[in-house]
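2 protein chains.
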Amino acid sequence: MLTATEIQKIINQRIESLSFPATPADLYDPIQYILSLGGKRLRPTLTLMACNLFSDEVELAIEPALGIELFHNFTLLHDDIMDKADKRRGHLTVHRKWNENVAILSGDAMQIEAYRHISLTSVANLPRVLARFSQTAIEVCEGQQIDMDFEKRCEVPEEDYLEMIRLKTAVLVAASLQIGAWMGGATEQEAGLLYDFGSSLGLAFQLQDDLLDVYGDAKTFGKNIGGDIVSNKKTFLLILAMNSATGSIKESLLRWIKEPVVNPEEKIKAVTEIYDTLGIGSICKKQIASFHEKAFVAFDKLGLPLSRKQILIDYVSALMQRQT
Amino acid sequence: MLTATEIQKIINQRIESLSFPATPADLYDPIQYILSLGGKRLRPTLTLMACNLFSDEVELAIEPALGIELFHNFTLLHDDIMDKADKRRGHLTVHRKWNENVAILSGDAMQIEAYRHISLTSVANLPRVLARFSQTAIEVCEGQQIDMDFEKRCEVPEEDYLEMIRLKTAVLVAASLQIGAWMGGATEQEAGLLYDFGSSLGLAFQLQDDLLDVYGDAKTFGKNIGGDIVSNKKTFLLILAMNSATGSIKESLLRWIKEPVVNPEEKIKAVTEIYDTLGIGSICKKQIASFHEKAFVAFDKLGLPLSRKQILIDYVSALMQRQT
Numbered sequence: 001m002l003t004a005t006e007i008q009k010i011i012n013q014r015i016e017s018l019s020f021p022a023t024p025a026d027l028y029d030p031i032q033y034i035l036s037l038g039g040k041r042l043r044p045t046l047t048l049m050a051c052n053l054f055s056d057e058v059e060l061a062i063e064p065a066l067g068i069e070l071f072h073n074f075t076l077l078h079d080d081i082m083d084k085a086d087k088r089r090g091h092l093t094v095h096r097k098w099n100e101n102v103a104i105l106s107g108d109a110m111q112i113e114a115y116r117h118i119s120l121t122s123v124a125n126l127p128r129v130l131a132r133f134s135q136t137a138i139e140v141c142e143g144q145q146i147d148m149d150f151e152k153r154c155e156v157p158e159e160d161y162l163e164m165i166r167l168k169t170a171v172l173v174a175a176s177l178q179i180g181a182w183m184g185g186a187t188e189q190e191a192g193l194l195y196d197f198g199s200s201l202g203l204a205f206q207l208q209d210d211l212l213d214v215y216g217d218a219k220t221f222g223k224n225i226g227g228d229i230v231s232n233k234k235t236f237l238l239i240l241a242m243n244s245a246t247g248s249i250k251e252s253l254l255r256w257i258k259e260p261v262v263n264p265e266e267k268i269k270a271v272t273e274i275y276d277t278l279g280i281g282s283i284c285k286k287q288i289a290s291f292h293e294k295a296f297v298a299f300d301k302l303g304l305p306l307s308r309k310q311i312l313i314d315y316v317s318a319l320m321q322r323q324t
Numbered sequence: 001m002l003t004a005t006e007i008q009k010i011i012n013q014r015i016e017s018l019s020f021p022a023t024p025a026d027l028y029d030p031i032q033y034i035l036s037l038g039g040k041r042l043r044p045t046l047t048l049m050a051c052n053l054f055s056d057e058v059e060l061a062i063e064p065a066l067g068i069e070l071f072h073n074f075t076l077l078h079d080d081i082m083d084k085a086d087k088r089r090g091h092l093t094v095h096r097k098w099n100e101n102v103a104i105l106s107g108d109a110m111q112i113e114a115y116r117h118i119s120l121t122s123v124a125n126l127p128r129v130l131a132r133f134s135q136t137a138i139e140v141c142e143g144q145q146i147d148m149d150f151e152k153r154c155e156v157p158e159e160d161y162l163e164m165i166r167l168k169t170a171v172l173v174a175a176s177l178q179i180g181a182w183m184g185g186a187t188e189q190e191a192g193l194l195y196d197f198g199s200s201l202g203l204a205f206q207l208q209d210d211l212l213d214v215y216g217d218a219k220t221f222g223k224n225i226g227g228d229i230v231s232n233k234k235t236f237l238l239i240l241a242m243n244s245a246t247g248s249i250k251e252s253l254l255r256w257i258k259e260p261v262v263n264p265e266e267k268i269k270a271v272t273e274i275y276d277t278l279g280i281g282s283i284c285k286k287q288i289a290s291f292h293e294k295a296f297v298a299f300d301k302l303g304l305p306l307s308r309k310q311i312l313i314d315y316v317s318a319l320m321q322r323q324t
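Which chain is which? The protein sequence lines are A and B, in order.
Heads up, the first sequence is in UniProt numbering, so the first residue is 1 and it goes up one at a time.
Heads up, the second sequence is in UniProt numbering, so the first residue is 1 and it goes up one at a time.
Following this line, the structure appears as structure tokens:
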């Protein structure tokens with residue numbers, strides 16, 4: 001079996017060696033650019049690890065793994081246009097570095113490139129991998145649309161928010177694991193358990209992102225602490241606070257949301273204090289722990305020796321403990 | 001064998017019965033909307049006709065035919081954003097009726113829906129249909145990028161323009177025919193001849209569109225005559241004129257292009273007169289005839305009885321003689 005480091009080395013080498021035509025430059029350069037910005041490569045790592053649970057040949061799963069990573073980066077590229085984001089991983093977003101038309105079209109091309117790699121799946125697995133990939137891709141679009149719809153709403157029930165992040169984030173983590181399992185020769189039941197594992201894990205990861213934006217360690221967290229607070233982003237924390245605050249606390253929260261930001265630090269401090277008063281951090285942590293546990297209930301049902309499962313357990317545990 | 005009318009009835013019924021979830025409405029309504037605007041359904045018609053050349057079961061090709069039509073409509077949806085077009089087939093474009101974010105995301109979803117139908121191709125044909133579809137889709141993106149690049153250039157060599165429209169338009173017509181042929185059981189050589197036939201045909205169609213914008217019959221032509229002239233669109237006619245005009249004619253043409261449009265009718269009349277003086281219409285007609293001939297050189301190599309080929313010949317001939 002391969003270690004996490006060995007798997008990530010394979011993935012990074014394959015991503016670096018992806019080659020695109022030199023022209024038209026404005027179509028292909030943005031694809032190379034966004035791929036060069038790095039990232040944890042979480043999804044393809046999970047695909048290869050899931051494959052490795054059942055087979056010693058992780059190469060079996062490399063093409064769908066690349067397709068999934070290309071698709072994920074395509075969604076970042078287009079989401080950044082829709083969110084009018086200036087930066088991605090510390091660098092200019094594609095629509096800022098080039099322009100919006102370039103970002104739209106190179107994103108479209110990137111989605112096609114994703115399907116090209118998915119299509120290189122062995123014929124025996126091709127129909128189910130394609131069906132799962134397309135179903136997942138359309139769910140990710142649904143999640144993004146629902147997320148944008150939430151921005152126009154004052155209050156969002158917690159279960160609606162969890163369903164949104166399930167679609168926008170969790171299903172792709174789930175599919176990454178299920179597809180990897182299929183490629184390694186898992187049974188439908190085993191692959192289904194890995195899908196369930198990934199779905200709960202994806203929810204836990206996203207809630208942890210929401211939490212770290214407020215309670216993360218500024219030194220190690222990749223983004224500025226409080227960015228979501230400043231931009232009024234509807235995170236799980238803000239939604240919990242909006243739904244549980246009453247009286248003067250609710251009034252204060254609404255005021256911070258509605259008024260233009262004069263002093264970002266002051267706003268971050270004030271809203272964090274509201275979260276503290278309402279115990280939002282601990283409610284969020286409990287929800288994360290609950291998804292984490294649910295993930296491992298599914299994972300534990302896999303009838304594989306612990307020695308085969310340990311690498312994946314360690315990788316996921318490290319991610320759950322990250323402060324960045 | 002089915003007549004063109006019968007084939008188009010099948011296609012329209014299948015497109016009308018495509019059903020999408022009710023929510024999120026802003027993701028799926030624009031897909032239903034753009035499909036409801038109609039159009040000739042040229043590409044899926046060619047797919048089924050190509051299938052019908054080799055098999056009496058056109059149903060064999062219906063899924064890839066739908067996938068190709070969905071993909072074509074997706075490109076229109078995103079191209080309209082990039083071109084800042086207000087109208088499409090007499091109705092508001094998606095980004096005008098909704099907004100740009102909705103147009104980007106529903107377009108992304110539509111591309112996934114296209115792949116979903118392509119993926120329903122029978123397993124025996126799936127790898128080559130997927131490969132051809134993705135190769136074609138990426139070429140269409142290349143064509144769109146090159147087209148946008150041309151807008152920034154003063155002069156474009158004719159061969160560069162022809163290569164652009166080959167990518168942007170002709171390859172999808174070619175792939176529609178090739179894929180249909182495969183689904184009907186054609187040999188690789190037969191399917192290849194249909195690809196070549198479609199490629200030349202697609203070039204002829206696009207040049208005819210360029211020609212009809214200037215010399216079409218205003219009563220029957222779907223758009224206003226001279227629209228491309230008013231907007232300085234780099235059509236084959238304008239490119240031919242820019243490359244062949246000299247002296248005072250060139251100066252006059254450049255003036256019409258550079259000056260803001262005060263009176264559109266006056267501009268259309270003046271530029272059309274320049275085209276007349278330079279004989280642009282007849283050069284364009286000769287080029288169309290040459291592609292038409294090249295198309296039928298490929299088609300004639302198909303060793304099929306004329307009785308099987310007649311429906312496709314008649315359909316294509318009617319399209320070539322259209323004034324609309």
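Ideal Cβ placement from N, Cα and C applies to all residues, glycine included.
Min CB distance asparagine 232 of chain A to chain B below 8 Å = Taking the first sequence and counting its residues from 1, the one referred to as residue 232 of chain A is at position 232. It does not; no Cβ of chain B falls within 8 Å.
Hey, quick one: how far does the alpha helix (DSSP H) through phenylalanine 20 of chain A stretch, first residue to last?
-> Here residue 20 of chain A refers to the residue found at position 20 when the first sequence is read from its first residue. Counting along the chain, phenylalanine 20 of chain A falls outside any alpha helix (DSSP H), and DSSP gives it neither H nor E.
Find the residues of chain A that neighbour isoleucine 146 of chain B, judging by a C-beta separation of less than 7 Å, and give them in chain order.
-> Here residue 146 of chain B refers to the residue found at position 146 of the second sequence. Result: Pro24.
Which residues, in order along the stretch 109–127 of chain A, keep a beta-carbon less than 8 Å from a beta-carbon of chain B?
-> Interface annotation for the stretch 109–127 of chain A against chain B: Ala109, Gln111, Ile112, Glu113, Tyr115, Arg116, Ser119, Val123, Leu126, Pro127, criterion Cβ-Cβ distance under 8 Å.
Chain A contact for cysteine 141 of chain B (CB, 8 Å cutoff) = Position 141 of the second sequence, counting from 1, holds the residue named residue 141 of chain B. It does; some Cβ of chain A falls within 8 Å.
Using a Cβ cut-off of 8 Å (strictly closer), state whether isoleucine 68 of chain B contacts chain A.
-> Working through the second sequence from its first residue, we reach residue 68 of chain B at position 68. Closer than 8 Å: no.
Show which residues of chain A have a CB atom less than 7 Å away from the CB atom of leucine 130 of chain B.
-> The residue you call residue 130 of chain B lines up with position 130 of the second sequence. Near leucine 130 of chain B (Cβ distances below 7 Å), the residues of chain A are Ser119.
Comparing the C-beta of threonine 324 of chain A with each C-beta of chain B, is any distance below 8 Å?
-> Counted from its first residue, the first sequence places residue 324 of chain A at position 324. Residue confidence is low: threonine 324 of chain A scores 47 on pLDDT, short of 50, so the model does not pin down where it sits. Its coordinate-derived value is still stated next. Not an interface residue.
Give the interface partners of aspartate 149 of chain A over in chain B, defined as CB-CB distance under 8 Å, in chain order.
-> Mapped onto the first sequence, residue 149 of chain A falls at position 149. Within chain B, the residues near aspartate 149 of chain A are Pro24, Asp26.
Local Cβ density within 10 Å of asparagine 224 of chain A, reported as buried at 16 or more and exposed below that | Locating residue 224 of chain A in the first sequence gives position 224, where the first residue counts as 1. Counting of Cβ neighbours within 10 angstroms places asparagine 224 of chain A among the exposed residues, the total staying below 16.
Out of curiosity, what's the CA-to-CA distance linking threonine 324 of chain A and aspartate 209 of chain A?
-> On the first sequence, residue 324 of chain A is found 324 positions in, with the first residue counted as 1. On the first sequence, residue 209 of chain A is found 209 positions in, with the first residue counted as 1. Interpretation of threonine 324 of chain A is limited by its pLDDT of 47, a score under 50 that renders its predicted location unreliable; the figure taken from the coordinates is listed afterwards. Straight across, the Cα-Cα distance linking threonine 324 of chain A with aspartate 209 of chain A is about 9 Å.
Check the Cβ-Cβ distances between methionine 183 of chain B and every residue of chain A, and say whether any is below 8 Å.
-> Taking the second sequence and counting its residues from 1, the one referred to as residue 183 of chain B is at position 183. Methionine 183 of chain B is outside the set of residues whose beta carbon lies under 8 Å from a beta carbon in chain A.
Taking only beta-carbon atoms, is leucine 77 of chain A less than 8 Å away from chain B?
-> Counting from one through the first sequence, the residue named residue 77 of chain A turns up at place 77. Leucine 77 of chain A is outside the set of residues whose beta carbon lies under 8 Å from a beta carbon in chain B.
Leaving aside the five residues before and after tryptophan 98 of chain A along the sequence, list all residues of the same chain whose C-beta is less than 7 Å from its C-beta, in chain order.
-> Counted from its first residue, the first sequence places residue 98 of chain A at position 98. Take tryptophan 98 of chain A, set aside five residues on each side of it, and the residues of its chain with a beta-carbon closer than 7 Å to its own are Asp26, Pro30, in chain order.
Please report the residue range of the alpha helix (DSSP H) in which lysine 309 of chain A lies.
-> Position 309 of the first sequence holds residue 309 of chain A. That run of the alpha helix (DSSP H) goes 306–320.
Report the three-state DSSP secondary structure of leucine 120 of chain B (helix, strand or coil).
-> Numbered from 1 along the second sequence, position 120 holds the residue referred to as residue 120 of chain B. Three-state DSSP puts leucine 120 of chain B in coil, outside helix and strand.
Three-way DSSP call (helix, strand, coil) for lysine 40 of chain B in this model | For this step, residue 40 of chain B is matched to residue 40 along the second sequence. In the three-state DSSP reduction, lysine 40 of chain B falls in the coil class, being neither helix nor strand.
Glycine 279 of chain B classed as buried or exposed, judged by whether at least 16 other C-beta atoms fall within 10 angstroms = Residue 279 of chain B sits at position 279 when you count from the first residue of the second sequence. It is exposed - the Cβ of glycine 279 of chain B has fewer than 16 other Cβ atoms within 10 Å.
Would you mind reading off the limits of the alpha helix (DSSP H) that contains serine 282 of chain A?
-> Position 282 of the first sequence, counting from 1, holds the residue named residue 282 of chain A. Bounds of the alpha helix (DSSP H) holding serine 282 of chain A are 280–300.
Neighbour list for serine 134 of chain A in chain B, Cβ cutoff strictly below 7 Å | On the first sequence, position 134 is the one that residue 134 of chain A refers to. Here the neighbours are Ile112, Tyr115, Arg116, Ser119.
At which residues does the alpha helix (DSSP H) containing alanine 175 of chain A begin and terminate?
-> Looking up residue 175 of chain A in the first sequence gives position 175. Run containing alanine 175 of chain A: 171–184, per the alpha helix (DSSP H) assignment.
Can you list, in chain order, the residues of the stretch 83–98 of chain A whose Cβ is nearer than 7 Å to any Cβ on chain B?
-> Of all residues in the stretch 83–98 of chain A, none has a Cβ within less than 7 Å of some Cβ in chain B.
From the DSSP output, read off the bridge partner residues of histidine 91 of chain B.
-> As a position in the second sequence, residue 91 of chain B is number 91, starting the count at 1. As a beta-bridge residue in DSSP terms, histidine 91 of chain B pairs with B:Arg88.
Option in A:Lys219, A:Lys40, A:Ala65, A:Gly39 with minimal Cα separation from alanine 50 of chain A | The residue given as residue 50 of chain A occupies position 50 in the first sequence. Relative to alanine 50 of chain A, the option among A:Lys219, A:Lys40, A:Ala65, A:Gly39 whose CA is nearest is A:Ala65.
Members of the stretch 162–181 of chain A near chain B, C-beta cut-off 9 Å | If the cut-off is 9 Å between Cβ atoms, the stretch 162–181 of chain A has nothing near chain B.
Report all residues from its chain with a CB closer than 8 Å to the CB of leucine 92 of chain A; omit the five preceding and five following residues, and keep chain order.
-> Working through the first sequence from its first residue, we reach residue 92 of chain A at position 92. So the list reads Asp86, once near-sequence residues are dropped.
Helix, strand or coil at cysteine 154 of chain A [DSSP, three-state] | Your numbering for residue 154 of chain A matches position 154 in the first sequence. Coil, per DSSP.
Cβ separation of alanine 103 of chain A and isoleucine 81 of chain A, assumed to be a contact under 8 Å, to the nearest whole Å | Counted from its first residue, the first sequence places residue 103 of chain A at position 103. Counted from its first residue, the first sequence places residue 81 of chain A at position 81. Taking C-beta atoms under 8 Å as the contact rule, alanine 103 of chain A and isoleucine 81 of chain A qualify, at a distance of about 5 Å.
In chain B, which residues lie less than 7 Å from asparagine 101 of chain A when you measure between Cβ atoms?
-> Translated into the one-based positions of the first sequence, residue 101 of chain A becomes position 101. Within 7 Å of the CB of asparagine 101 of chain A, the CB atoms of chain B belong to Met82, Met148, in sequence order along the chain.
The alpha helix (DSSP H) with threonine 75 of chain B in it runs from where to where?
-> Residue mapping note: residue 75 of chain B aligns to position 75 of the second sequence, counting from 1. It spans 62–82 - the alpha helix (DSSP H) in which threonine 75 of chain B sits, taken as one unbroken run.
Take glutamine 111 of chain A and list the residues in its own chain whose beta-carbon comes closer than 7 Å to its own, dropping the five residues that flank it on each side.
-> Counting from 1 along the first sequence, the entry for residue 111 of chain A is found at position 111. Correct list, in chain order: Phe71, Phe74.
For the alpha helix (DSSP H) that valine 261 of chain B lies in, which residues bound it at each end?
-> Start at 1 with the first residue of the second sequence, and residue 261 of chain B comes out as number 261. Here valine 261 of chain B belongs to no alpha helix (DSSP H), and DSSP marks it neither H nor E.
Using 7 Å as the cut-off, classify the Cβ of methionine 183 of chain A as near or not near the heavy atoms of the ligand MG, replying yes or no.
-> Looking at this structure, you won't find the ligand MG or any other ligand, since it has none at all.
Taking three-plus beta-carbon pairs below 8 Å as touching, is the stretch 37–44 of chain A in contact with the stretch 288–308 of chain A?
-> At 8 Å Cβ cutoff, the stretches do not touch.
Mind checking whether serine 134 of chain B and leucine 130 of chain A have CB atoms under 8 Å apart?
-> As a first step, residue 134 of chain B must be located in the second sequence, where it is residue number 134. As a first step, residue 130 of chain A must be located in the first sequence, where it is residue number 130. For serine 134 of chain B and leucine 130 of chain A, no; Cβs fall outside 8 Å.
Could you pull out every residue in the same chain whose Cβ sits closer than 8 Å to the Cβ of cysteine 284 of chain B, ignoring the five residues on either side in sequence?
-> Within the second sequence, numbered from 1, the residue matching residue 284 of chain B stands at position 284. Annotation for cysteine 284 of chain B: Leu207, Asp210, Leu211, Phe236, Leu237, Leu240 place their beta carbon closer than 8 Å to its own, counting only its chain and skipping 5 residues before and after.
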